[in-house]
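Working notes for the structure below.
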(Lines of atoms letter the chains of each structure in order from A and count residues from 1; the text may use other names and numbers.)
(Lines give C-alpha, C1' and ligand atoms only; values in the text may rest on other atoms or scores of the structure.)
Protein backbone atom coordinates (compact mmCIF):
# COMPACT_ATOMS: atom_id res chain seq x y z
CA UNK A 1 0.00 0.00 0.00
CA UNK A 2 1.05 3.58 -0.51
CA UNK A 3 1.95 5.81 2.42
CA UNK A 4 -1.21 7.86 1.75
CA UNK A 5 -3.34 4.72 2.00
CA UNK A 6 -1.61 3.63 5.20
CA UNK A 7 -2.31 7.03 6.72
CA UNK A 8 -5.97 6.58 5.77
CA UNK A 9 -6.08 3.15 7.45
CA UNK A 10 -4.45 4.59 10.57
CA UNK A 11 -7.03 7.39 10.59
CA UNK A 12 -9.82 4.81 10.41
CA UNK A 13 -8.23 2.69 13.15
CA UNK A 14 -7.88 5.80 15.34
CA UNK A 15 -11.50 6.82 14.80
CA UNK A 16 -12.58 3.26 15.66
CA UNK A 17 -10.57 3.31 18.90
CA UNK A 18 -11.98 6.76 19.70
CA UNK A 19 -15.52 5.42 19.27
CA UNK A 20 -14.78 2.72 21.84
CA UNK A 21 -13.16 5.12 24.34
CA UNK A 22 -16.06 7.56 23.96
CA UNK A 23 -18.56 4.82 24.79
CA UNK A 24 -16.45 3.74 27.78
CA UNK A 25 -16.63 7.28 29.11
CA UNK A 26 -20.41 7.28 28.60
CA UNK A 27 -20.50 4.09 30.67
CA UNK A 28 -18.39 5.85 33.35
CA UNK A 29 -15.40 3.56 32.79
CA UNK A 30 -11.76 4.59 32.79
CA UNK A 31 -9.73 5.08 29.63
CA UNK A 32 -5.98 4.45 30.10
CA UNK A 33 -3.83 7.55 29.66
CA UNK A 34 -1.60 5.58 27.31
CA UNK A 35 -4.57 5.20 24.95
CA UNK A 36 -5.25 8.95 25.02
CA UNK A 37 -1.63 9.55 24.06
CA UNK A 38 -1.80 6.89 21.34
CA UNK A 39 -4.76 8.62 19.71
CA UNK A 40 -3.03 12.00 19.79
CA UNK A 41 0.20 10.52 18.43
CA UNK A 42 -1.69 8.84 15.57
CA UNK A 43 -3.37 12.10 14.60
CA UNK A 44 0.03 13.78 14.49
CA UNK A 45 1.54 10.97 12.42
CA UNK A 46 -1.18 11.17 9.76
CA UNK A 47 -0.91 14.93 9.32
CA UNK A 48 0.20 15.74 5.78
CA UNK A 49 3.85 14.84 5.21
CA UNK A 50 4.75 14.35 8.88
CA UNK A 51 5.35 10.60 8.76
CA UNK A 52 6.11 8.76 5.53
CA UNK A 53 7.62 5.64 7.07
CA UNK A 54 5.43 2.74 5.95
CA UNK A 55 6.86 0.46 8.65
CA UNK A 56 6.08 2.97 11.42
CA UNK A 57 2.57 3.56 10.08
CA UNK A 58 1.91 -0.18 9.82
CA UNK A 59 3.12 -0.73 13.39
CA UNK A 60 0.87 2.09 14.61
CA UNK A 61 -2.11 0.52 12.82
CA UNK A 62 -1.52 -2.85 14.46
CA UNK A 63 -1.03 -1.27 17.88
CA UNK A 64 -4.23 0.75 17.54
CA UNK A 65 -6.38 -2.24 16.55
CA UNK A 66 -4.88 -4.26 19.41
CA UNK A 67 -5.81 -1.54 21.90
CA UNK A 68 -9.31 -1.38 20.43
CA UNK A 69 -9.82 -5.12 20.83
CA UNK A 70 -8.78 -4.93 24.48
CA UNK A 71 -11.05 -1.98 25.31
CA UNK A 72 -13.98 -3.22 23.22
CA UNK A 73 -14.25 -6.20 25.57
CA UNK A 74 -15.03 -3.72 28.36
CA UNK A 75 -17.91 -2.00 26.51
CA UNK A 76 -21.30 -3.05 27.87
CA UNK A 77 -23.31 -1.97 24.84
CA UNK A 78 -21.19 -2.41 21.67
CA UNK A 79 -24.36 -2.28 19.57
CA UNK A 80 -24.43 1.54 19.95
CA UNK A 81 -21.04 1.93 18.29
CA UNK A 82 -20.79 3.05 14.64
CA UNK A 83 -20.65 -0.03 12.41
CA UNK A 84 -17.25 0.80 10.96
CA UNK A 85 -15.72 1.12 14.41
CA UNK A 86 -16.21 -2.64 14.82
CA UNK A 87 -14.07 -3.50 11.80
CA UNK A 88 -11.23 -5.78 12.93
CA UNK A 89 -8.99 -6.72 9.98
CA UNK A 90 -7.12 -10.00 10.05
CA UNK A 91 -4.23 -8.31 8.25
CA UNK A 92 -3.10 -5.75 5.65
CA UNK A 93 -4.72 -7.72 2.82
CA UNK A 94 -8.10 -6.41 3.99
CA UNK A 95 -7.13 -2.73 4.08
CA UNK A 96 -7.72 -1.81 0.43
CA UNK A 97 -11.27 -3.18 0.25
CA UNK A 98 -12.25 -1.37 3.45
CA UNK A 99 -10.79 1.91 2.25
CA UNK A 100 -12.82 1.62 -0.96
CA UNK A 101 -15.98 0.95 1.07
CA UNK A 102 -15.33 3.94 3.35
CA UNK A 103 -14.54 6.20 0.42
CA UNK A 104 -17.91 5.41 -1.13
CA UNK A 105 -19.72 6.24 2.11
CA UNK A 106 -17.69 9.41 2.63
CA UNK A 107 -18.61 10.81 -0.78
CA UNK A 108 -22.35 10.10 -0.72
CA UNK A 109 -22.80 13.72 0.40
CA UNK A 110 -20.04 15.96 -0.93
CA UNK A 111 -20.76 18.81 1.49
CA UNK A 112 -20.77 16.50 4.51
CA UNK A 113 -17.47 15.02 3.31
CA UNK A 114 -16.04 18.53 2.99
CA UNK A 115 -16.96 19.40 6.57
CA UNK A 116 -15.67 16.08 7.91
CA UNK A 117 -12.31 16.85 6.31
CA UNK A 118 -12.28 20.35 7.81
CA UNK A 119 -13.07 18.87 11.22
CA UNK A 120 -10.42 16.16 10.88
CA UNK A 121 -7.78 18.69 9.81
CA UNK A 122 -8.65 20.86 12.79
CA UNK A 123 -8.43 17.88 15.15
CA UNK A 124 -4.96 17.04 13.82
CA UNK A 125 -3.86 20.58 14.53
CA UNK A 126 -5.21 20.35 18.09
CA UNK A 127 -3.45 17.01 18.52
CA UNK A 128 -0.17 18.55 17.37
CA UNK A 129 -0.36 21.30 19.99
CA UNK A 130 -1.46 18.91 22.74
CA UNK A 131 1.27 16.39 21.87
CA UNK A 132 3.99 19.01 22.30
CA UNK A 133 2.51 20.09 25.64
CA UNK A 134 2.36 16.48 26.80
CA UNK A 135 6.03 16.00 25.93
CA UNK A 136 6.97 18.61 28.51
CA UNK A 137 4.60 17.30 31.15
CA UNK A 138 1.42 19.34 30.69
CA UNK A 139 -2.06 18.18 29.77
CA UNK A 140 -5.67 19.33 29.69
CA UNK A 141 -8.10 16.63 30.81
CA UNK A 142 -10.83 18.02 28.55
CA UNK A 143 -8.96 17.76 25.26
CA UNK A 144 -8.74 13.96 24.98
CA UNK A 145 -12.49 13.32 25.51
CA UNK A 146 -13.27 16.08 22.99
CA UNK A 147 -10.94 14.71 20.32
CA UNK A 148 -12.29 11.21 20.76
CA UNK A 149 -15.94 12.25 20.80
CA UNK A 150 -15.58 14.20 17.57
CA UNK A 151 -13.54 11.45 15.90
CA UNK A 152 -16.31 9.02 16.76
CA UNK A 153 -18.87 11.33 15.15
CA UNK A 154 -16.92 11.43 11.89
CA UNK A 155 -17.75 7.72 11.53
CA UNK A 156 -21.45 8.59 11.41
CA UNK A 157 -21.91 9.19 7.71
CA UNK A 158 -25.55 10.24 8.02
CA UNK A 159 -24.68 13.18 10.27
CA UNK A 160 -26.25 16.33 8.83
CA UNK A 161 -24.29 19.17 7.30
CA UNK A 162 -25.60 21.48 10.02
CA UNK A 163 -24.31 19.28 12.82
CA UNK A 164 -20.95 18.87 11.09
CA UNK A 165 -20.68 22.64 10.68
CA UNK A 166 -21.33 23.04 14.42
CA UNK A 167 -18.58 20.50 15.09
CA UNK A 168 -16.16 22.60 13.03
CA UNK A 169 -16.99 25.57 15.25
CA UNK A 170 -16.32 23.46 18.35
CA UNK A 171 -12.96 22.55 16.86
CA UNK A 172 -12.11 26.26 16.75
CA UNK A 173 -12.87 26.57 20.46
CA UNK A 174 -10.66 23.63 21.33
CA UNK A 175 -8.01 24.95 18.97
CA UNK A 176 -7.86 28.02 21.20
CA UNK A 177 -7.79 25.81 24.28
CA UNK A 178 -5.00 23.53 23.01
CA UNK A 179 -2.88 26.49 21.93
CA UNK A 180 -3.38 27.96 25.40
CA UNK A 181 -2.27 24.67 26.93
CA UNK A 182 0.95 24.65 24.90
CA UNK A 183 1.56 28.34 25.59
CA UNK A 184 1.27 27.75 29.34
CA UNK A 185 3.42 24.61 29.19
CA UNK A 186 6.24 26.40 27.40
CA UNK A 187 6.12 29.41 29.70
CA UNK A 188 6.12 27.23 32.82
CA UNK A 189 9.10 25.21 31.59
CA UNK A 190 11.13 27.73 29.61
CA UNK A 191 9.98 31.15 30.85
CA UNK A 192 7.90 33.88 29.23
CA UNK A 193 9.15 34.81 25.72
CA UNK A 194 11.36 37.90 25.56
CA UNK A 195 12.22 40.09 22.60
CA UNK A 196 15.33 38.48 21.14
CA UNK A 197 17.72 39.23 18.31
CA UNK A 198 18.37 35.95 16.51
CA UNK A 199 21.53 35.36 14.50
CA UNK A 200 20.97 34.39 10.87
CA UNK A 201 24.60 33.86 9.98
CA UNK A 202 26.84 30.91 10.82
CA UNK A 203 29.78 30.23 13.10
CA UNK A 204 33.01 28.35 12.50
CA UNK A 205 32.26 25.13 14.41
CA UNK A 206 30.25 22.15 13.12
CA UNK A 207 26.56 22.16 13.93
CA UNK A 208 23.32 20.22 14.19
CA UNK A 209 20.17 21.62 12.60
CA UNK A 210 16.85 20.99 14.39
CA UNK A 211 13.63 21.65 12.52
CA UNK A 212 9.93 21.32 13.26
CA UNK A 213 8.38 22.68 16.43
CA UNK A 214 9.26 20.22 19.24
CA UNK A 215 11.02 22.27 21.92
CA UNK A 216 11.44 19.28 24.21
CA UNK A 217 13.62 17.58 21.60
CA UNK A 218 15.59 20.80 21.19
CA UNK A 219 16.00 21.07 24.95
CA UNK A 220 17.44 17.53 25.09
CA UNK A 221 19.86 18.24 22.27
CA UNK A 222 21.07 21.49 23.83
CA UNK A 223 21.75 19.66 27.09
CA UNK A 224 23.60 16.79 25.41
CA UNK A 225 25.79 19.04 23.22
CA UNK A 226 27.23 21.09 26.08
CA UNK A 227 31.00 21.03 25.94
CA UNK A 228 31.16 18.90 22.78
CA UNK A 229 32.30 21.62 20.40
CA UNK A 230 29.09 21.14 18.40
CA UNK A 231 26.68 24.06 17.96
CA UNK A 232 22.92 23.85 17.58
CA UNK A 233 20.90 25.77 14.99
CA UNK A 234 17.14 25.96 14.58
CA UNK A 235 15.14 25.77 11.36
CA UNK A 236 11.53 26.51 10.44
CA UNK A 237 9.18 27.23 13.38
CA UNK A 238 11.74 26.27 16.02
CA UNK A 239 13.22 29.73 15.44
CA UNK A 240 10.80 30.91 18.12
CA UNK A 241 12.69 28.81 20.72
CA UNK A 242 15.37 31.51 20.87
CA UNK A 243 13.05 33.85 22.77
CA UNK A 244 12.52 31.52 25.76
CA UNK A 245 14.87 32.50 28.63
CA UNK A 246 15.62 28.93 29.78
CA UNK A 247 16.81 27.96 26.29
CA UNK A 248 18.79 31.08 25.46
CA UNK A 249 22.09 32.13 26.93
CA UNK A 250 23.84 28.90 26.02
CA UNK A 251 27.05 29.61 24.14
CA UNK A 252 26.49 26.75 21.71
CA UNK A 253 22.89 27.75 20.81
CA UNK A 254 23.92 29.43 17.59
CA UNK A 255 20.93 30.90 15.76
CA UNK A 256 18.47 30.13 12.99
CA UNK A 257 19.55 28.67 9.67
CA UNK A 258 17.63 28.88 6.40
CA UNK A 259 13.90 29.26 6.14
CA UNK A 260 10.85 27.02 6.28
CA UNK A 261 10.41 23.36 5.42
CA UNK A 262 9.48 24.54 1.91
CA UNK A 263 13.20 25.22 1.33
CA UNK A 264 14.43 22.08 3.09
CA UNK A 265 16.30 20.54 0.18
CA UNK A 266 18.60 23.52 -0.33
CA UNK A 267 18.83 24.41 3.38
CA UNK A 268 19.74 20.87 4.46
CA UNK A 269 22.26 20.52 1.63
CA UNK A 270 24.16 23.68 2.50
CA UNK A 271 24.07 23.09 6.24
CA UNK A 272 26.68 20.30 5.86
CA UNK A 273 25.99 18.83 9.31
CA UNK A 274 23.36 16.44 10.72
CA UNK A 275 19.68 17.45 10.50
CA UNK A 276 17.09 16.33 13.06
CA UNK A 277 13.45 16.59 11.95
CA UNK A 278 10.93 16.78 14.81
CA UNK A 279 7.85 17.75 12.77
CA UNK A 280 6.63 19.32 9.56
CA UNK A 281 6.36 17.86 6.09
CA UNK A 282 9.58 15.97 5.36
CA UNK A 283 10.34 15.34 1.70
CA UNK A 284 12.43 12.45 0.39
CA UNK A 285 16.01 13.32 1.38
CA UNK A 286 18.35 14.38 -1.40
CA UNK A 287 21.56 12.44 -1.90
CA UNK A 288 23.58 15.38 -0.56
CA UNK A 289 22.30 14.90 2.99
CA UNK A 290 20.66 11.45 2.97
CA UNK A 291 23.39 10.04 5.23
CA UNK A 292 23.06 12.78 7.87
CA UNK A 293 19.33 13.22 8.44
CA UNK A 294 17.34 11.81 11.38
CA UNK A 295 13.76 11.91 12.61
CA UNK A 296 12.33 11.83 16.10
CA UNK A 297 8.94 12.11 17.81
CA UNK A 298 6.01 11.72 15.43
CA UNK A 299 8.14 12.32 12.33
CA UNK A 300 9.40 9.54 10.12
CA UNK A 301 10.52 8.65 6.63
CA UNK A 302 11.36 5.25 5.18
CA UNK A 303 15.10 4.61 5.36
CA UNK A 304 15.82 7.58 7.65
CA UNK A 305 17.13 6.65 11.14
CA UNK A 306 14.54 7.35 13.82
CA UNK A 307 15.67 8.44 17.29
CA UNK A 308 13.48 6.97 20.01
CA UNK A 309 12.17 9.11 22.86
CA UNK A 310 11.75 7.46 26.26
CA UNK A 311 8.82 7.77 28.68
CA UNK A 312 10.46 10.81 30.30
CA UNK A 313 10.53 12.66 27.00
CA UNK A 314 14.31 12.24 26.62
CA UNK A 315 15.83 11.48 23.22
CA UNK A 316 19.36 10.10 22.90
CA UNK A 317 21.27 12.22 20.36
CA UNK A 318 24.71 10.68 20.94
CA UNK A 319 24.98 9.22 17.42
CA UNK A 320 24.01 12.56 15.88
CA UNK A 321 26.54 14.44 18.00
CA UNK A 322 29.36 12.08 17.10
CA UNK A 323 28.56 12.46 13.39
CA UNK A 324 28.43 16.25 13.73
CA UNK A 325 31.99 16.31 15.09
CA UNK A 326 33.21 14.94 11.74
CA UNK A 327 31.33 17.51 9.62
CA UNK A 328 32.27 20.94 8.31
CA UNK A 329 30.66 24.14 9.57
CA UNK A 330 27.50 25.25 7.74
CA UNK A 331 27.62 27.30 4.55
CA UNK A 332 26.31 30.80 5.18
CA UNK A 333 22.96 31.53 3.53
CA UNK A 334 21.96 34.76 5.27
CA UNK A 335 23.53 37.42 7.45
CA UNK A 336 22.29 39.74 10.13
CA UNK A 337 19.58 39.26 12.72
CA UNK A 338 15.81 39.14 13.09
CA UNK A 339 13.75 39.92 16.16
CA UNK A 340 11.16 37.56 17.57
CA UNK A 341 9.36 37.13 20.89
CA UNK A 342 6.25 39.29 20.51
CA UNK A 343 4.15 36.95 22.66
CA UNK A 344 1.09 38.06 24.56
CA UNK A 345 3.07 39.37 27.55
CA UNK A 346 5.19 41.58 25.29
CA UNK A 347 2.14 42.76 23.36
CA UNK A 348 0.36 43.53 26.64
CA UNK A 349 3.23 45.79 27.70
CA UNK A 350 2.91 47.58 24.35
CA UNK A 351 -0.86 47.86 24.75
CA UNK A 352 -0.93 51.55 25.59
CA UNK A 353 1.32 52.39 22.63
CA UNK A 354 -0.76 50.29 20.25
CA UNK A 355 -4.05 51.68 21.52
CA UNK A 356 -2.82 55.27 21.31
CA UNK A 357 -1.51 54.77 17.78
CA UNK A 358 -4.81 53.25 16.66
CA UNK A 359 -6.87 55.99 18.28
CA UNK A 360 -4.89 58.82 16.68
CA UNK A 361 -4.82 56.85 13.40
CA UNK A 362 -1.03 56.57 13.27
CA UNK A 363 -1.83 52.90 12.79
CA UNK A 364 -4.52 52.56 10.16
CA UNK A 365 -4.41 48.78 10.05
CA UNK A 366 -2.76 45.78 11.68
CA UNK A 367 -2.15 43.11 9.05
CA UNK A 368 -2.00 39.66 10.61
CA UNK A 369 -0.25 37.07 8.43
CA UNK A 370 -0.25 33.64 10.06
CA UNK A 371 0.01 30.00 9.06
CA UNK A 372 2.40 27.61 7.40
CA UNK A 373 4.51 27.89 4.28
CA UNK A 374 4.57 25.54 1.30
CA UNK A 375 6.30 25.02 -2.03
CA UNK A 376 3.50 26.50 -4.17
CA UNK A 377 4.92 29.53 -6.05
CA UNK A 378 1.65 31.34 -5.31
CA UNK A 379 2.83 31.67 -1.71
CA UNK A 380 5.05 34.53 -2.85
CA UNK A 381 1.82 36.48 -2.33
CA UNK A 382 2.88 37.05 1.30
CA UNK A 383 6.17 38.76 0.46
CA UNK A 384 4.56 40.88 -2.25
CA UNK A 385 1.73 41.86 0.10
CA UNK A 386 4.11 42.99 2.83
CA UNK A 387 6.22 44.96 0.35
CA UNK A 388 3.06 46.77 -0.82
CA UNK A 389 1.82 47.88 2.59
CA UNK A 390 1.66 51.61 3.39
CA UNK A 391 3.74 53.00 6.24
CA UNK A 392 0.72 53.48 8.54
CA UNK A 393 0.39 49.72 9.02
CA UNK A 394 2.13 47.06 11.09
CA UNK A 395 2.45 43.34 10.45
CA UNK A 396 1.94 40.66 13.12
CA UNK A 397 2.99 37.20 12.01
CA UNK A 398 3.48 33.64 13.19
CA UNK A 399 4.21 30.22 11.75
CA UNK A 400 6.58 29.43 8.91
CA UNK A 401 4.86 31.82 6.49
CA UNK A 402 7.01 34.55 8.07
CA UNK A 403 10.02 33.27 6.13
CA UNK A 404 8.42 34.64 2.98
CA UNK A 405 9.03 38.21 4.16
CA UNK A 406 11.06 38.39 7.38
CA UNK A 407 14.04 39.60 5.37
CA UNK A 408 12.16 42.82 4.59
CA UNK A 409 12.91 45.66 7.00
CA UNK A 410 9.80 47.82 7.34
CA UNK A 411 11.19 50.28 9.88
CA UNK A 412 9.29 51.53 12.89
CA UNK A 413 6.06 53.32 13.63
CA UNK A 414 5.72 55.42 16.79
CA UNK A 415 8.75 53.62 18.23
CA UNK A 416 7.31 50.15 17.49
CA UNK A 417 8.74 47.78 14.86
CA UNK A 418 6.38 47.47 11.93
CA UNK A 419 6.97 43.71 11.80
CA UNK A 420 6.21 41.74 14.97
CA UNK A 421 7.03 38.02 14.93
CA UNK A 422 4.80 36.31 17.49
CA UNK A 423 6.31 32.83 17.06
CA UNK A 424 5.05 29.45 15.85
CA UNK A 425 1.56 28.65 14.51
CA UNK A 426 0.52 27.65 18.03
CA UNK A 427 1.29 31.23 19.06
CA UNK A 428 -1.83 32.32 17.21
CA UNK A 429 -3.08 32.05 20.78
CA UNK A 430 -0.89 35.04 21.73
CA UNK A 431 -2.31 37.03 18.86
CA UNK A 432 -5.87 36.18 19.91
CA UNK A 433 -5.12 37.26 23.48
CA UNK A 434 -3.58 40.53 22.29
CA UNK A 435 -6.44 41.25 19.86
CA UNK A 436 -9.05 40.66 22.57
CA UNK A 437 -7.08 42.98 24.88
CA UNK A 438 -7.05 45.68 22.19
CA UNK A 439 -10.79 45.23 21.77
CA UNK A 440 -11.28 45.87 25.49
CA UNK A 441 -8.82 48.79 25.62
CA UNK A 442 -10.46 50.46 22.63
CA UNK A 443 -13.93 49.89 24.08
CA UNK A 444 -15.17 47.93 21.06
CA UNK A 445 -18.14 45.60 21.31
CA UNK A 446 -16.52 42.86 19.26
CA UNK A 447 -13.09 42.10 17.87
CA UNK A 448 -14.00 43.38 14.41
CA UNK A 449 -14.07 46.89 15.82
CA UNK A 450 -10.28 46.68 16.02
CA UNK A 451 -8.59 47.64 12.71
CA UNK A 452 -7.14 44.22 11.94
CA UNK A 453 -7.07 42.38 8.63
CA UNK A 454 -6.45 38.64 8.75
CA UNK A 455 -4.43 36.68 6.21
CA UNK A 456 -4.02 32.93 6.71
CA UNK A 457 -1.62 30.70 4.78
CA UNK A 458 -3.28 27.27 4.71
CA UNK A 459 -0.16 25.13 4.47
CA UNK A 460 -1.11 22.28 6.80
CA UNK A 461 -3.63 21.06 9.37
CA UNK A 462 -2.33 23.36 12.12
CA UNK A 463 -3.06 26.34 9.91
CA UNK A 464 -6.65 25.11 9.50
CA UNK A 465 -6.90 24.92 13.30
CA UNK A 466 -5.58 28.48 13.51
CA UNK A 467 -8.19 29.64 10.98
CA UNK A 468 -11.02 27.98 12.93
CA UNK A 469 -9.63 29.52 16.12
CA UNK A 470 -9.76 33.02 14.64
CA UNK A 471 -13.37 32.37 13.65
CA UNK A 472 -14.01 31.15 17.21
CA UNK A 473 -12.90 34.49 18.73
CA UNK A 474 -15.24 36.30 16.34
CA UNK A 475 -12.87 37.43 13.59
CA UNK A 476 -14.43 38.13 10.20
CA UNK A 477 -13.34 39.05 6.69
CA UNK A 478 -10.43 36.61 6.68
CA UNK A 479 -8.31 36.08 3.58
CA UNK A 480 -6.79 32.66 2.88
CA UNK A 481 -4.04 31.89 0.38
CA UNK A 482 -2.99 30.43 -1.94
CA UNK A 483 -6.41 28.73 -2.21
CA UNK A 484 -9.02 26.74 -0.33
CA UNK A 485 -8.20 23.07 0.31
CA UNK A 486 -9.35 20.79 -2.51
CA UNK A 487 -11.86 19.06 -0.24
CA UNK A 488 -13.89 22.24 0.34
CA UNK A 489 -16.95 22.25 -1.92
CA UNK A 490 -18.44 25.39 -3.41
CA UNK A 491 -21.43 25.10 -1.08
CA UNK A 492 -19.29 24.90 2.07
CA UNK A 493 -17.06 27.72 0.85
CA UNK A 494 -20.23 29.76 0.38
CA UNK A 495 -21.29 29.05 3.98
CA UNK A 496 -17.95 30.27 5.33
CA UNK A 497 -17.97 33.28 3.04
CA UNK A 498 -21.49 34.28 4.05
CA UNK A 499 -21.05 33.78 7.79
CA UNK A 500 -17.48 34.92 8.30
CA UNK A 501 -16.54 36.94 5.23
CA UNK A 502 -13.93 34.32 4.30
CA UNK A 503 -12.39 34.69 0.85
CA UNK A 504 -9.29 33.75 -1.10
CA UNK A 505 -6.55 36.25 -1.79
CA UNK A 506 -6.64 38.44 -4.87
CA UNK A 507 -3.51 40.22 -6.06
CA UNK A 508 -1.46 41.89 -3.32
CA UNK A 509 -2.32 45.32 -4.73
CA UNK A 510 -6.06 44.57 -4.77
CA UNK A 511 -5.98 43.22 -1.23
CA UNK A 512 -4.01 46.18 0.13
CA UNK A 513 -6.62 48.48 -1.42
CA UNK A 514 -9.42 46.40 0.13
CA UNK A 515 -7.76 46.29 3.57
CA UNK A 516 -7.45 50.08 3.74
CA UNK A 517 -10.69 51.04 1.99
CA UNK A 518 -13.22 52.81 4.16
CA UNK A 519 -16.85 51.85 3.90
CA UNK A 520 -18.96 54.56 2.29
CA UNK A 521 -21.11 56.15 4.95
CA UNK A 522 -24.84 55.89 4.33
CA UNK A 523 -26.84 59.11 4.22
CA UNK A 524 -29.43 57.42 6.46
CA UNK A 525 -27.43 58.16 9.60
CA UNK A 526 -26.99 55.88 12.63
CA UNK A 527 -29.56 53.45 14.04
CA UNK A 528 -32.04 54.79 16.57
CA UNK A 529 -32.19 52.37 19.55
CA UNK A 530 -35.96 52.92 19.70
CA UNK A 531 -36.49 51.55 16.18
CA UNK A 532 -38.41 48.28 16.06
CA UNK A 533 -36.37 45.17 15.22
CA UNK A 534 -38.63 44.49 12.23
CA UNK A 535 -38.13 48.03 10.89
CA UNK A 536 -34.36 47.73 11.20
CA UNK A 537 -34.33 44.41 9.32
CA UNK A 538 -36.72 45.61 6.61
CA UNK A 539 -34.55 48.67 6.00
CA UNK A 540 -31.22 46.85 6.37
CA UNK A 541 -31.59 43.10 5.57
CA UNK A 542 -27.96 42.45 6.60
CA UNK A 543 -28.86 43.61 10.12
CA UNK A 544 -30.47 40.21 10.86
CA UNK A 545 -27.14 38.40 10.69
CA UNK A 546 -25.40 41.17 12.65
CA UNK A 547 -27.98 40.89 15.44
CA UNK A 548 -27.66 37.10 15.46
CA UNK A 549 -23.89 37.44 15.81
CA UNK A 550 -24.46 39.72 18.80
CA UNK A 551 -26.42 36.94 20.47
CA UNK A 552 -29.90 38.24 19.68
CA UNK A 553 -31.88 35.28 18.44
CA UNK A 554 -34.99 37.48 18.56
CA UNK A 555 -34.76 37.92 14.80
CA UNK A 556 -36.21 34.40 14.52
CA UNK A 557 -39.10 35.15 16.89
CA UNK A 558 -42.19 36.72 15.35
CA UNK A 559 -43.34 38.45 18.53
CA UNK A 560 -39.91 39.90 19.38
CA UNK A 561 -39.65 41.54 15.96
CA UNK A 562 -42.05 44.18 17.24
CA UNK A 563 -39.83 45.09 20.18
CA UNK A 564 -37.53 48.09 19.93
CA UNK A 565 -33.78 47.51 19.74
CA UNK A 566 -33.49 48.78 23.34
CA UNK A 567 -36.19 46.41 24.58
CA UNK A 568 -34.70 43.41 22.78
CA UNK A 569 -31.24 44.18 24.17
CA UNK A 570 -32.66 44.37 27.68
CA UNK A 571 -34.21 40.90 27.29
CA UNK A 572 -30.84 39.48 26.22
CA UNK A 573 -28.84 41.35 28.86
CA UNK A 574 -27.01 43.44 26.28
CA UNK A 575 -26.16 47.13 26.28
CA UNK A 576 -28.20 48.73 23.45
CA UNK A 577 -25.46 51.28 22.82
CA UNK A 578 -22.94 48.48 22.23
CA UNK A 579 -25.27 46.69 19.79
CA UNK A 580 -26.10 49.98 18.09
CA UNK A 581 -22.37 50.64 17.61
CA UNK A 582 -21.88 47.26 15.94
CA UNK A 583 -24.91 47.78 13.69
CA UNK A 584 -23.79 51.27 12.71
CA UNK A 585 -20.32 50.10 11.72
CA UNK A 586 -21.33 46.80 10.07
CA UNK A 587 -24.06 48.47 8.02
CA UNK A 588 -21.82 51.38 6.99
CA UNK A 589 -23.95 54.00 8.75
CA UNK A 590 -20.97 55.73 10.39
CA UNK A 591 -17.28 56.03 9.57
CA UNK A 592 -15.02 53.23 10.82
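In our numbering, the protein residues as written are 629 to 1220.
We put the CB at the ideal spot given by N, CA and C, even for glycine.
- Contact between residue 942 and residue 839 is absent: CB atoms are separated by about 19 Å, not below the 8 Å threshold.
- Between the segment 982-1001 and the segment 832-847 there are fewer than three C-beta pairs closer than 8 Å, too few to call the two in contact.
- Going by C-alpha positions, residue 1060 is about 42 Å away from residue 951.
- Cβ contact annotation for residue 641 (same chain, cutoff 6 Å, sequence separation greater than five): 689, 692 and 693, in chain order.
- Between residue 706 and residue 714 a beta carbon distance of about 7 Å is seen, short of the 8 Å cut, so the two are scored as contacting.
- Minimum Cα-Cα distance from residue 1027 among the listed residues 702, 663 and 869 corresponds to 869.
- Closest in alpha carbon position to residue 811, among 1070, 1046, 1157 and 973, is 973.
- By the criterion of a C-beta distance shorter than 8 Å, residue 771 is surrounded in its chain by 754, 758, 802, 805, 806 and 809, once the five residues flanking it on both sides are discounted.
- Taking 4 residues as the shortest admissible run, the segment 994-1047 contains the following complete alpha helix (DSSP H) segments, listed from N- to C-terminal end: 1009-1016.
- Here residue 765 is exposed, its C-beta having fewer than 16 other C-beta atoms within 10 Å.
- Only buried fits residue 883, as 16 or more other CB atoms lie within 10 angstroms of its CB.
- Looking from the CA of residue 746, the closest CA among 1094, 1206 and 1103 belongs to 1094.
- Annotation for residue 818: 872, 874 and 875 place their beta carbon closer than 6 Å to its own, counting only its chain and skipping 5 residues before and after.
- The beta strand (DSSP E) runs lying completely inside the segment 867-901 and spanning 3 residues or more are 881-884, given in chain order.
- Listed in chain order, the non-local C-beta contacts of residue 684 below 6 Å within the same chain comprise 928, local neighbours out to five positions each way being set aside.
- In the displayed model, residue 910 falls within coil according to three-state DSSP, outside both helix and strand.
- Here the C-alpha atom of residue 709 lies approximately 53 Å from the C-alpha atom of residue 859.
- The DSSP-derived three-state label of residue 858 is coil.
- Taking the CA atoms as reference points, residue 1137 sits about 43 Å from residue 920.
- By the 16-neighbour rule on beta-carbons within 10 angstroms, residue 931 is exposed.
- DSSP places residue 922 within a strand segment (E or B) once states are collapsed to three.
- In the three-state DSSP reduction, residue 1213 falls in the helix class (H, G or I).
- When rounded, the separation of the alpha-carbon atoms in residue 837 and residue 916 is 15 Å.
- A contact is defined here as three or more CB-CB pairs under 8 Å, and the segment 1123-1136 meets this definition with respect to the segment 1105-1115.
- Comparing alpha carbon positions, the residue from 1127, 1118, 1120 and 1116 closest to residue 1100 is 1127.
- Residue pairing of residue 832 in beta bridges, as defined by DSSP: absent, with no partner found.
- The Cβ-Cβ distance between residue 1014 and residue 678 does not fall below 7 Å.
- Within a 10 Å sphere around the beta-carbon of residue 963 sit fewer than 16 other beta-carbons, which makes this residue exposed.
- Judged by DSSP in its simplified three-state form, residue 1055 adopts helix.
- Judged by their CB atoms, residue 834 and residue 957 are nearer to each other than the 7 Å cut-off.
- Residue 1033 sits away from residue 887, with the two beta carbons spaced by 7 Å or more.
- If only complete runs of 4 or more residues are kept, the segment 661-713 shows the alpha helix (DSSP H) at 661-673 and 682-700, in order along the chain.
- Closest in alpha carbon position to residue 924, among 1106, 937, 993 and 1029, is 937.
- Taking a cut-off of 8 Å for Cβ pairs, the segment 736-752 and the segment 1035-1042 do not touch, as fewer than three such pairs fall below it.
- In the DSSP assignment, residue 1168 falls outside any alpha helix (DSSP H) and carries neither an H nor an E.
- Rounded to whole angstroms, the gap between the alpha carbons of residue 823 and residue 953 is 32 Å.
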